[in-house]
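S.K.: If you scroll down you'll find the structure; I have some questions about it.
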Amino acid sequence: MWRRIRTMSWLSLVVWSGFAGAGFAYDVIDVRNGATITGKVALTGALPHAPRRFEVRNGPEVCGSERVLTKLDVHDGMVQGVVIALEGVEQGKPFASHRDAATDRGRGAFHYAGGNELNLDVRLEKCSFGPFTGVIRVDESVRFVNHDSIKHTLHTYSLKGRKAKIMRTLHTQSLRAQGQTEKNFPAKKLRRASAVVLTCDRHDFMENWLYMVRNPYYAISDESGNFEIGQIPPGDYKLVAWHPVLGMNEQRVTVTPDGRLAVNFEFIN
Amino acid sequence: MNGVLNPVKPGIIFVLFLFCLTWANTQGVHAALLDGMLDDVEESLAEGLANKGEKLTTGNFYTDDKPNAHAPIGMMGDHTHEAGEVMFSYRLMHMFMEGNRYGTDRVTTDEVTMMGRPVPSGYLVAPESMRMWMHMFGFMYGLNDTVTLTLMVPYLNNSMDHVTRMGGKFTTRSEGFGDIRFGSLWRLWAIEAPSIGAHRFHFNLSMSVPTGDIEPTDRTPLGPNSRLPYPMHLGSGTFDFYPGITYGGEMGHASWGIQAIGTLRAGQNSNDFSKGDAYTINVHGAYELIRNTLSSSVRLSWNHWEPYDGMDSNIRTNHPMNQIRIVQTAFPDLLGGQRLDLLFGVNILFPEFMGLENRLAVEGGFPIYQYLDGQLETDSVVTFGWQAVY
């Protein structure tokens with residue numbers, strides 16, 4: 001019995017150390033003759049999700065007495081907030097610096113400092129993490145800063161299971177008023193996940209989805225459904241369009257030196 | 001039975017504790033100890049839930065802002081905290097005991113002091129009643145996603161009324177800090193979905209250090225500074241371990257739970273005795289009567305405690321002149337028993353009051369079954385408490 005337990009323990013250790021070493025390497029280099037991919041994301045059919053209203057019980061003086069969670073923003077058939085990511089790029093441009101603010105009445109924002117890493121800061125304000133969708137990179141720390149005068153209980157999930165039907169808790173953290181914390185999202189914890197979900201246990205309407213990217217070649221569609229990814233090293237790649245409500249859509253693309261490629265995505269409901 | 005496990009108990013506890021630490025440290029990435037080990041069960045549950053359009057959530061130990069998200073106030077170690085979260089608590093407990101019991105039979109004080117009769121009679125003195133007041137100061141801290149640390153500091157005030165064979169009455173008192181208890185709660189597994197509710201399991205492991213007085217003295221008919229018998233002690237005198245497991249469920253306005261906790265004494269104290277091991281099983285249910293404000297609860301608490309092992313040679317059992325038995329509380333082998341309590345409680349929640357999430361609660365009850373080896377029987381148990389989460 002003890003021998004079996006000991007053997008199992010060693011085996012587990014070996015397996016875990018194996019996963020620990022399996023990171024997602026990306027090297028920043030000077031990109032010459034980079035190509036650009038542009039496009040639009042459209043939705044055909046009925047809206048699969050209607051905005052949901054919530055009565056605010058915890059901290060209505062900060063959050064407002066009522067909030068709406070809009071998971072899908074569609075304007076004239078064009079979808080906002082779809083993450084477009086180019087997969088298979090192992091070296092290229094540095095991560096860009098940009099700030100994506102919430103589109104609802106909250107003032108939360110995802111601030112990507114960029115550089116050799118994504119360097120994501122989540123700035124909670126007015127009971128909002130930021131826009132409904134964003135990106136995250138495994139094996140990187142994410143800083144959560146609470147600018148509100150009330151407590152939030154940060155709760156992160158990943159989807160697991162054969163058909164992604166299980167929401168698995170990654171972290172929970174009490175985030176006091178004006179408090180901050182850093183959380184690492186290790187690859188070994190997310191090896192079969194495609195996204196991380198941010199929620200606040202005290203506020204049901206606070207829900208955001210971060211798609212896991214491995215390189216800086218990503219974009220998030222704007223309110224007209226447009227996106228653009230530039231400085232792509234020539235080559236063959238997989239281009240993925242992902243949205244928490246609509247799911248995933250992918251295409252194979254070939255980009256040539258200084259080329260400009262138009263790729264459109266259409267989700268059909 | 002008491003003492004049989006003594007040689008191996010510290011070893012078992014130590015190995016268990018090391019196992020938890022090593023396990024948590026090795027994996028270091030999960031929210032709960034059993035996360036990732038029950039994938040097949042989770043998959044099967046998720047499959048069923050998917051047919052209803054639901055997702056299964058695992059590892060969520062967050063207890064909603066409900067008054068009944070915490071167990072009745074008389075129970076401890078019933079919930080864990082999120083990393084970084086702090087909870088202060090104060091409990092005032094009162095236990096009242098009156099009348100003697102031998103087995104399941106009541107014994108009058110006249111019978112206890114009747115001369116020339118076998119146990120439970122033949123004592124010079126009979127205890128009539130006892131009041132135990134306990135102030136319990138508690139602290140809980142969410143260390144990380146898996147472990148919640150706990151600290152409990154009790155302050156006790158005991159008094160016992162006696163009557164002598166000649167009809168004289170006297171009262172003895174003891175007061176001071178009890179055994180300080182350090183503990184940890186280890187998140188094991190949690191699942192939830194709208195149609196199956198939330199189900200959370202955690203492991204309790206705590207230890208008390210012998211800070212309570214086991215040599216209290218007071219004026220008795222034997223002298224002005226007589227060492228008081230065992231029930232008046234403020235601590236056990238030994239390092240004690242409290243392993244246990246807790247299950248809590250929640251669905252809609254209802255909540256429920258089961259907790260099994262053991263009290264295992266490690267060796268004997270400096271006065272050559274150890275209190276008996278004890279086992280407690282709590283089963284409770286609660287219902288939210290006013291949303292986010294008020295809930296009521298009912299609890300059954302089964303307690304079993306073994307007689308003492310060894311004895312303090314400075315506690316007199318027989319009168320020095322005539323060798324007549326003095327009082328039953330001085331006999332360690334009479335201190336075992338079993339009791340089933342029925343308790344009713346109320347929890348009130350004040351969310352975000354003065355920057356803290358406050359709970360006020362009260363729970364009271366009485367035994368519906370008692371089997372005692374020859375002690376005062378319990379009449380009522382009442383606990384009032386305040387909990388503040390920061």
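One line per chain: the protein sequences are D and H, in this order. In this text, residue positions in the first sequence follow my numbering: the first is 1, and each later residue adds one. In this text, residue positions in the second sequence follow my numbering: the first is 1, and each later residue adds one. The beta carbon of each residue, even a glycine, is placed where N, CA and C say it ideally should be. A quick note: this is a predicted structure, and the numbers were derived from the prediction, not measured.
Residues in its own chain within less than 6 Å of Leu340(H) by CB, not counting five upstream and five downstream?
M.R.: Around Leu340(H): Trp302, Ile368, Tyr369.
S.K.: Can you give me the C-alpha to C-alpha distance between Leu289(H) and His199(H), rounded to a whole angstrom?
M.R.: Computed Cα separation, rounded: 21 Å.
S.K.: Using 8 Å as the Cβ pair cut-off and three pairs as the minimum, do the stretch 175-184 of chain H and the stretch 231-244 of chain H touch?
M.R.: Yes, they touch.
S.K.: What does Ser174(D) reach in chain H if we use C-beta pairs closer than 7 Å?
M.R.: By Cβ distance, chain H contributes Glu82, Ala83, Gly84, Glu85, Gly142.
S.K.: Mind listing the chain H neighbours of Lys93(D)? Cutoff is C-beta to C-beta under 9 Å, in chain order.
M.R.: Near Lys93(D) there are no residues of chain H at all, since even the closest Cβ is about 31 Å away, more than 9 Å.
S.K.: So, is Val389(H) buried or exposed, given that buried needs 16 or more other C-beta atoms within 10 angstroms?
M.R.: When all chains shown are included, Val389(H) counts as buried.
S.K.: Within a Cβ cutoff of 7 Å, which residues of the same chain sit near Gly39(D), ignoring the five residues on either side of it in sequence?
M.R.: Hits under 7 Å: Phe227, Ala262, Val263, Asn264, Phe265.
S.K.: Spatial neighbours of Thr211(H) within its chain, please: CB distance less than 8 Å, with the 5 preceding and 5 following residues excluded, ordered by chain position.
M.R.: Cβ within range, chain order: Phe177, Gly178, Asp179, Ile180, Gly235.
S.K.: Let me confirm a value: Glu192(H) is counted as buried when at least 16 other C-beta atoms fall within 10 Å, else exposed. Which label applies?
M.R.: Flag for Glu192(H) reads buried.
S.K.: Which whole-angstrom value describes the C-beta separation of Tyr141(H) and His81(H), a residue pair presumed to lie in contact below a C-beta threshold of 8 Å?
M.R.: That pair is a contact at about 7 Å.
S.K.: Which of the three DSSP states is assigned to Asn51(H) in this structure?
M.R.: Here Asn51(H) sits in coil by DSSP.
S.K.: So if I threshold CB-CB distances at 8 Å, which residues from the stretch 167-196 of chain H count as touching chain D?
M.R.: The residues in question are Ala190.
S.K.: For a contact meaning CB atoms closer than 7 Å, what does Thr153(D) contact in chain H?
M.R.: Within chain H, the residues near Thr153(D) are Tyr62, Glu82.
S.K.: Should Ile166(D) be flagged as near chain H, meaning a C-beta pair shorter than 7 Å?
M.R.: Judged by the 7 Å Cβ criterion, Ile166(D) is in contact with chain H.
S.K.: Nearest-angstrom Cα distance between Thr256(D) and Leu43(D)?
M.R.: Approximately 29 Å, taken between the alpha carbons.
S.K.: Buried or exposed, going by whether 16 or more other CB atoms sit within 10 Å of the CB of Gly225(D)?
M.R.: Counting Cβ neighbours within 10 Å, Gly225(D) comes out buried, since at least 16 surround it.
S.K.: What first and last residue would you give for the beta strand (DSSP E) that runs through Asp76(D)?
M.R.: No beta strand (DSSP E) holds Asp76(D); DSSP gives it neither H nor E.
S.K.: Go through the stretch 51-137 of chain H residue by residue and report every complete run of the beta strand (DSSP E) that reaches 3 residues or more, in order.
M.R.: Segments of the beta strand (DSSP E) lying fully in the stretch 51-137 of chain H: 56-58, 86-103, 105-107.
S.K.: So, does the stretch 279-296 of chain H touch the stretch 250-265 of chain H, judging by three or more C-beta pairs under 8 Å?
M.R.: Counting Cβ pairs under 8 Å, three or more are found: they touch.
S.K.: What is the C-beta distance between Gln375(H) and Arg101(H), in whole angstroms, given that I count them as a contact (C-beta under 8 Å)?
M.R.: Between Arg101(H) and Gln375(H) the Cβ distance is about 7 Å, and since that is below 8 Å, they are a contact.
S.K.: What number of angstroms, rounded off, separates the C-alpha of Arg395(H) from the C-alpha of Met114(H)?
M.R.: Limits of chain H in this structure are 1 at one end and 390 at the other, which puts residue 395(H) out of reach.
S.K.: Are the CB atoms of Gly114(D) and Ser97(D) nearer to each other than 7 Å?
M.R.: Against a cut-off of 7 Å, the Cβ pair of Ser97(D) and Gly114(D) comes out as a contact.
S.K.: Taking all protein chains shown into account, decide if Arg260(D) is buried (16 or more other Cβ within 10 angstroms of its Cβ) or exposed.
M.R.: Exposed: under 16 other Cβ atoms inside 10 Å.
S.K.: For Arg168(D), count neighbouring Cβ atoms within 10 angstroms of its own Cβ and tell me buried if that reaches 16, exposed if not.
M.R.: Classification of Arg168(D): buried, given that the 10 Å Cβ count is 16 or more.
S.K.: Can you tell me whether Leu170(D) is buried or exposed, with buried defined as 16 or more other CB within 10 angstroms of its CB?
M.R.: Buried.
S.K.: With a threshold of 7 Å between beta-carbons, can Asp76(D) be considered close to chain H, or not?
M.R.: No, its Cβ sits nowhere closer than 7 Å to a Cβ of chain H.
S.K.: Is Val29(H) buried or exposed, if buried means 16 or more other CB atoms sit within 10 Å of its CB?
M.R.: Unreliable positioning characterises Val29(H) in this predicted model, as indicated by a pLDDT of 49, which lies under 50. A coordinate reading is not provided.
S.K.: At a Cβ threshold of 7 Å, is Val382(H) touching chain D?
M.R.: Chain D, which has no Cβ nearer than 7 Å to the Cβ of Val382(H), makes this no.
S.K.: Closest to Arg67(D) by CA distance: which of Ile229(D), Tyr237(D), Ser128(D), Trp209(D) is it?
M.R.: Checking every option, the nearest Cα to that of Arg67(D) belongs to Ser128(D).
S.K.: Inspect the beta-carbon positions of Asp373(H) and Gly345(H) and report whether they are closer than 7 Å.
M.R.: No, the Cβ-Cβ distance between Asp373(H) and Gly345(H) is not below 7 Å.
S.K.: Looking at the unbroken alpha helix (DSSP H) that takes in Cys127(D), where does it start and where does it end?
M.R.: From DSSP, Cys127(D) is part of no alpha helix (DSSP H); its letter is neither H nor E.
S.K.: Output, in sequence order along the chain, the residues in the stretch 62-76 of chain H whose CB is closer than 7 Å to any CB in chain D.
M.R.: So the list reads Tyr62, Asp65, given in the order they occur along the chain.
S.K.: Nearest-angstrom Cα distance between Ala22(D) and Asp65(H)?
M.R.: Confidence in Ala22(D) is poor, its pLDDT being 42 and thus under 50, which makes the residue's placement too unreliable to answer from.
S.K.: Using the beta-carbon of each residue, which ones in chain H are nearer than 9 Å to Asp204(D)?
M.R.: Here the premise fails: no neighbours, minimum Cβ distance about 10 Å.
S.K.: Could you tell me which chain H residues have their CB closer than 7 Å to the CB of Asp139(D), listed as they occur along the chain?
M.R.: Residues of chain H passing the Cβ test: none, with the nearest at roughly 12 Å.
S.K.: Tell me which residues share the same chain as Asp258(D) and place their Cβ nearer than 8 Å to its Cβ, disregarding the 5 neighbours each side in the sequence.
M.R.: So the list reads Asn33, Gly34, Ala35, once near-sequence residues are dropped.
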